[in-house]
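Residue numbers (our numbering): 529 to 704. The beta-carbon is built from N, C-alpha and C at its ideal position, and this holds for glycine as well. In this text the structure is predicted, and so the values were computed from the model without any measurement.
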Amino acid sequence: MTQTLSCACGKFQVALVGDPFITAECHCNSCREGSKRLSSLPLSRPMTAANGGTPYVLYRKDRVSFPDGTALLRGYRLSEKAPTRRVVTTCCNTPVFVEFNGGHWLSLYASVWHDSPAPAMQIRTQTADLPAGTQLDEALPAGAWTTAGFYAKLLGVWIAMGFKVPKIDVAEAEPA
């Protein structure tokens, strides 16, 4: 099964084969800071949930393609040496994905699913990074063991891919 999603204006598309290997709402410092910085762009869709977490739908890179290429994408890093980049479209500033240097997966923003509901979130990760006093509901599993299981899942997917790390060429913007 292949699913095609598009940016808000329809000029950019991403094609996904099969189902995601996991969905996760991330609360790490990097995701919170990245969302804060990118909110200075006139984003066409929100990147975060009401609780401040960032909902992602994770796919193996070998199951993601860009039918119209990547010319309409721009990557933003928190610093020149940041291990992650947040990628949005240049046509309408739709948040598309987060990519880790050397990563074998893409964390697609759940907001890319605008014509249909995004897959339901399964877990919360990196909740130890939440600011003091932040309270989350108990709708999703969270905590150190959940995050450890998440990393184990990433390793299992990488093994299934034969330890390959497909490259995605995206133009980089100045640090956001």
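Inset, instruction - Leaving out five residues on either side along the sequence, give the residues of the same chain with a beta carbon under 6 Å from the beta carbon of residue 653. - result: 552, 554, 675 and 678
Legend entry - Start-end ranges of the alpha helix (DSSP H) lying completely within the region 548 to 613, minimum 4 residues: 557 to 566
Legend entry - Distance, residue 611 Cα to residue 548 Cα: 22 Å
Inset, instruction - Assign residue 683 to buried or exposed, taking buried as 16 or more other Cβ atoms, counted over all protein chains shown, within 10 Å of its Cβ. - result: exposed
Inset, instruction - Put residue 644 into one of helix, strand or coil per three-state DSSP. - result: coil
Legend entry - C-alpha gap between residue 538 and residue 532, whole angstroms: 11 Å
Legend entry - Neighbourhood of residue 655 by C-beta, 7 Å cutoff - its chain only, sequence neighbours within 5 removed: 555, 664, 670 and 671
Inset, instruction - Please report the residue range of the alpha helix (DSSP H) in which residue 638 lies. - result: Segment: none, residue 638 is in no alpha helix (DSSP H) and carries neither H nor E.
Legend entry - Residue environment, residue 570, which counts as buried when at least 16 other CB atoms sit within 10 Å: exposed
Inset, instruction - Return helix, strand or coil for residue 687, following the three-state DSSP convention. - result: helix
Inset, instruction - Using beta-carbon positions only, say whether residue 685 and residue 646 come within less than 8 Å of one another. - result: no
Legend entry - Segment limits, beta strand (DSSP E) that includes residue 542: 541 to 545
Inset, instruction - Closer than 7 Å by C-beta to residue 574: which residues in its own chain qualify, once you throw out the five before and the five after it? Chain order, please. - result: 639
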